[in-house]
Structure formats: structure tokens, C-alpha cells
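Each remark here refers to the structure printed beneath this line.
There are 2 protein chains.
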Amino acid sequence: MERDVIVREVGPRDGLQLVATVLPTATKLAWIRAEAAAGVSEIEVCSFVPPKVVPQFGDAKDVAAGALAIPNILVTALVPNIKGAELGFAAGVHKLNYVLSVSQTHNQKNVRRTREQSLADLAEIVRLRNSEPRYENVLIGCGLSTSFGCSLEGHVPARETLSVMEQVLALGVDEITLADTVGYGAPGQVREIFKAALQLAGGLPLVAHFHDTRGLGLANAHAALEEGCRRFDASLAGLGGCPFAPGATGNIVTEDLIFLLEAEGLKTGIDLPALGEVRAIVEQALPGEAMHGTILKAGLPKGFVAATPRLAAE
Amino acid sequence: MERDVIVREVGPRDGLQLVATVLPTATKLAWIRAEAAAGVSEIEVCSFVPPKVVPQFGDAKDVAAGALAIPNILVTALVPNIKGAELGFAAGVHKLNYVLSVSQTHNQKNVRRTREQSLADLAEIVRLRNSEPRYENVLIGCGLSTSFGCSLEGHVPARETLSVMEQVLALGVDEITLADTVGYGAPGQVREIFKAALQLAGGLPLVAHFHDTRGLGLANAHAALEEGCRRFDASLAGLGGCPFAPGATGNIVTEDLIFLLEAEGLKTGIDLPALGEVRAIVEQALPGEAMHGTILKAGLPKGFVAATPRLAAE
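Sequence order for the protein chains is A and B.
First residue of the first sequence? That's 1 in this note's numbering, and the numbers climb one at a time after it.
First residue of the second sequence? That's 315 in this note's numbering, and the numbers climb one at a time after it.
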């Protein structure tokens, strides 16, 4: 299906990161399978971190294997370091999403390395991919955390974010994600950064990753969209957060983002009612967890015509 | 204080309309007084409707009188018909906010009149104001409900909203509010309508009134802002809805809107932490009522500098 915008579901990774209940592998895969059936084309399914750091991802290898057996999705895994990347390569995922923070303090807290060390590790990961024929089809993305502000350092200047982005581009990655990890961004700032970042990126995929911590998530997404961004991360029911960013709640809600995009006449390829069924799976698996989002509670506007034809009608 | 944007608090009216608990007059006035102290310059304090229709507004006259004794606020009352306007004039409020719906079906359900009858009644209200010297300083605003869609009729064409707006302008009102009563609007549509409406309005104040029913409230507000709109309605904690629009939840959250505007560098004249104290008053008075909004839960970004200097520091 032709899509105007790519929405990557990050719920099974970012959404589960702070959730105390360790979901059974089968439940994670049921979630991922249902998202794929709803038309989601890329899913960040796990994180290759030590299980003692995040027990939720102790089954990363099995989740990756299960997800790779599901047709029509690009399977992405987050990797915070070289060890994680090696595990990701070994698992055979389609894309590694390496992360580092624009803010030095946040990077130190998050991955216990300086930004320079993290950049050097990324260079090593790209070198490994380029030198191993069996890894040659693995895509390498890089997420820049705290691109719009940091809960430890406060304001992050746009030039700092863009400067780190240039350094990452020079390493030969396949995609860059600008992440508002702690929900500090505001639309004017998002416009400024995305305008410049899209120019820097040239044709390289640039992903917007917003959190709705302070209510501006969808306004920020719309600002990035208007600047030309066509790739977004989101989490089903707005699950998620960051363990090192106090007060951070969830990612923007996948369902509400899809409504925004389809209402703007953009094909996402994703069927909103089918996301309701995914929501039911997650709600049942995580009783007591806050399920955010409005569109599937309020219902679509009367007579609403989505840009994406209902999958059932295809 | 010089303000770049005027935010009108509509919580004591729109916010309370669907709330079953009838708040004591003293509590409503404590709320209004605390909002005024936080820097809010205009408050829609009540609705002059028959108490048997909305028992919550049975004390409209007393609330209006109490609010008029509070310094530095413009006191607005909603009036749905001539009878309500007469009560509003008698109460001495600064502004009457008359409402009619762009959607014929919604207008019929809401005020049991055709749109043409509602327009004729508005003409009569303006004539009354203009002919009675004691009313000459009373401002008359007109809110156009369902300007962005109707839960009964579905899509409302932009030309329909703009055509009703032209008819209302011709009657000599002092202000027009375009209201997304049921939360159907999307940013592109908001841009289109506000761009044309601001031109039509000339210098006349044009207010944006968004509901967050489907999650796009602040994205819509930002779109209207970028088109040049400088007046917004909002409700503390997002209280509110519409009794005739099934599924409608609340107005956009005053606190989150203030954060958006101040983050964009626009002075609202409103002190965010002081709104937290207002929130405490309402939360205590309405236990069990959903209190929406994120900024006062998550806290301001570290090092955040508001465009409005803290009132305490003045």
C-alpha cells in the first residue's frame, strides 16, 4: 500500500520500558501481530539491554524472532551500545535503532558514556554492519534523545541538536530520529529544528518522536508534519516514558496521531478501528495501566472519511 | 498588563454545564476570584438559561453579581435567547455571549429554533442594547457552535460557517467566537476557516473555542494561532462538554493552553503556578470529576522562562 506518512509503533519497546508487569512473550507477539494486521508497517519490538537493567526486555531475542515471522512489517530493535547491536545483528532484525542523547548529562545517565563515546560506538556499529556481508541488509537508525530539551540540563539549543545530527549523519546511518524524550518541545521550536534537520538530512529518512508529557505532543507532530516530516513514532494508548526523566509520561498516542494524519488527508495505511482491537489486547494484558488517547473513546466524527481506505474494503 | 493573547476562562459555564454536582455560589465565586488573581482577564461566569433546563445555572444572577464585584475581570455570560439576554442585561454583566449553531439540526436541538430565528433574535438583542442607554456599554458576542463539524449532521462546509459568520457580522456584534463544539476540527480545516474568518472579521475580535474530544484541541489552537488568532476560550482542567453532543468531553485545558502560548513566547498575563491553586479549589469542590491536563502534573520544563513575568515578581 502506498502511504503518505509512516507511523512506527514503539509501544512494545518505549511503551513497555517503564511498565512493571513483564508481559509474556506470547502477549507481546499477539500485540505486534494485531498491529501488523491493522496496517502498521514498522514496529520497534524490543530493546537489547541487559535483563537486569530492564527485566521487561529479557525476552528480546524471542520477541524479535517471533516478530520476524510476521509478514509485512519492518522489525526494529533499540540498541543502546555495541553489545546491544551485536545481539540485534545476531537476532536478525531489519533495523537497529541506536540511541544517544544530545544532552551530555542525559547521555551519561542513560547509557553511562559521554556523547563522544556514544558517537564512537555508533561508528563501530556501522563499521561492523558494513564489514560483515551477513549484516549488509540491516538498517541502522540513530535516535537523538533530548533533541528538544532535557530534564537534567533544561534548554537544549537547536544548534546543539543539529550539530549532533550532522556528526551522526557523517557516520553513515540510514535514518535519524529526533526525540523529545521528556516532552519539553513546543511547536515553534519543533518547526525551527525540523526545518533545518530536513535540509541537513537531504533524502535520508528523518523520524519525529514526541512525548505528550506536557500536552503538546500532537501540536508538535503537526508542526513537524507541516515542515515536511513524514515519519513519526507513536505508542498505542500512549504507553511509555523514560526511566531517567522524572515526570515523563507517555509517547504520543498512535490512535490519535493516525486520526490527525488521516483528518489532514494523509494516507497512513493504518485502519483505526482495527487499532481498537489492539488496544483491547493491551488493556487486558496490562490491567491498571493508564490507557491514554481520545479518538477510540469518542469515536470518529460522523461521516468521517479517512484518507486510507478501510483495510477490510480493499 | 500588556497581553499578546487573551485567554477567556469558560470553566464556570461550559465546564460546569454537564457536571451533575450543583456547585454552591460561594464556591463558583472562589473559583472565579482565584482565576482573576492568577491573571485571567475575562471569565464566562454563567449561563442565563432556565434552571429547569440546567440546574447548575440556577444561581446565574448571584454569580454574575459576585463576579462583577471582583476587580480586573471582564464578566461574560452565555445567553441562548432573548429571555436570557434580558436577564443578562439586568444582571449588568460586561458581555453577553449569544450562541447559535451553524448546523441547523444542532441549533434546533440546542435552542429549539431555526438558525434564521436565532439570527433574528440576535438582531433583536443588538437592537435592545443599542436603544437602551443603560445597556450601551454591554458588549455582545456571538458564538457559532458546530463551526467545524456537527455530531448530528457530520461535516460542516467551511463556506457554511463563513456565511453564517457574515450574517452575524452584519448584525453589529462586538465579537465572534468560532466553536468546535463537538471536537471534530482538524488543523488544516482550522487554518482554512480562521484564515478566511480573520479577514472577514477585519479588526473585530475573533475567538477560537476548541474542545479536546478527539485529542486535537491544542493542535487546532496552534493552527488558529499561526493564522493570527489571538483570543482563545479554555476551561480549567478541561472540564466541560455539550449536552447534545454525545461523546463530547471537555474544552481544551486552560493550563495546557497557557503553557503552549507562553512556550511560543506569547504573553498571556496569566501565572501558571497560580492556576494550580485554582485547580485545587475545583478539585476539592468536584470530587470524582475528571480533571484533565498535563502541565501542572508534569511540571514546567527545567529552566522554563515564561513570556509573562511571574505576577508575584511584578
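The beta-carbon is built from N, C-alpha and C at its ideal position, and this holds for glycine as well.
(message) Any contact between the stretch 487-505 of chain B and the stretch 459-473 of chain B? By contact I mean 3 or more CB pairs, one from each, below 8 Å.
(response) yes
(request) Could you list the residues in the stretch 127-156 of chain A with a C-beta less than 8 Å from some C-beta on chain B, going in chain order? (result) 149, 150, 151, 152, 153, 154, 155
(message) Please state the DSSP three-state secondary structure of residue 326 of chain B.
(response) helix
(request) Return the chain-ordered list of same chain residues with a C-beta closer than 8 Å to the C-beta of residue 619 of chain B, the five sequence neighbours on each side being excluded. (result) none
(message) Contact criterion: CB-CB distance below 9 Å. Does residue 530 of chain B meet it with respect to chain A?
(response) yes
(message) Check whether the stretch 110-124 of chain A and the stretch 56-74 of chain A touch, using three or more Cβ-Cβ pairs below 8 Å as the test.
(response) no
(message) Three or more C-beta pairs under 8 Å: does that hold for the stretch 562-571 of chain B against the stretch 171-180 of chain A?
(response) no
(request) Identify the contact partners of residue 213 of chain A in chain B, using a Cβ-Cβ distance below 8 Å as the criterion. (result) 608, 612
(request) Using a Cβ-Cβ cut-off of 9 Å, state whether residue 587 of chain B counts as contacting chain A. (result) no
(request) Return helix, strand or coil for residue 311 of chain A, following the three-state DSSP convention. (result) Since pLDDT at residue 311 of chain A reaches only 48, below the 50 mark, its modelled position is unreliable, and the value read off the structure follows with that caveat. Note: residue 311 of chain A maps to helix in three-state DSSP.
(request) Assign residue 98 of chain A to one of three DSSP states: helix, strand, or coil. (result) strand
(message) Between residue 503 of chain B and chain A, is the shortest Cβ-Cβ distance under 9 Å, so that the two count as touching?
(response) yes
(message) Could you compute how far the alpha carbon of residue 484 of chain B sits from the alpha carbon of residue 395 of chain B?
(response) 18 Å
(request) Let me know the secondary structure DSSP gives residue 193 of chain A once reduced to three states. (result) helix
(request) Ignore the nearest five residues each way along the sequence and tell me which others in residue 574 of chain B's own chain have a CB closer than 6 Å to its CB. (result) 532
(message) For residue 268 of chain A, list the residues DSSP reports as bridge partners.
(response) The partner list for residue 268 of chain A (beta bridge, DSSP) is empty, contrary to what the question assumes.
(request) Quick one: which residues of the stretch 250-264 of chain A get their C-beta closer than 8 Å to a C-beta of chain B? List them in chain order. (result) 253, 256, 259, 260, 263, 264
(request) Tell me residue 42 of chain A's beta-bridge partners as DSSP assigns them. (result) A:8, A:74
(request) Could you work out which residues of chain A lie near residue 325 of chain B, taking near to mean beta carbons separated by less than 9 Å? (result) Within 9 Å Cβ-Cβ: nothing; residue 325 of chain B doesn't reach chain A, min ~17 Å.
(message) Less than 8 Å between C-beta atoms, sequence neighbours within five positions excluded: which residues of the same chain meet that for residue 616 of chain B?
(response) none
(request) Give, in chain order, every residue of the stretch 397-425 of chain B whose Cβ lies closer than 7 Å to some Cβ of chain A. (result) none
(message) Taking CB distances under 9 Å as the criterion, tell me whether residue 615 of chain B reaches chain A.
(response) yes
(message) For the beta strand (DSSP E) containing residue 453 of chain B, name the first residue and the last one.
(response) 453-459
(message) Below 8 Å on the Cβ atoms is my contact criterion, and I expect residue 269 of chain A with residue 308 of chain A to pass it. Report the Cβ-Cβ distance as a whole number of Å.
(response) 6 Å
(message) Taking the alpha-carbon of residue 404 of chain B as reference, which of B:416, B:414, B:439 has the nearest alpha-carbon?
(response) B:439
(message) Is it buried or exposed, residue 527 of chain B, if we count other Cβ atoms within 10 angstroms and call 16 or more buried?
(response) buried
(request) Answer yes or no: do residue 202 of chain A and residue 10 of chain A have a C-beta to C-beta separation smaller than 9 Å? (result) no
(request) May I ask you to list the residues that DSSP assigns as paired with residue 524 of chain B? (result) B:494
(request) Would you be able to state if there are at least three C-beta pairs under 8 Å between the stretch 21-35 of chain A and the stretch 278-289 of chain A? (result) yes
(message) Could you give the first and the last residue of the continuous beta strand (DSSP E) run that contains residue 545 of chain B?
(response) 545-548
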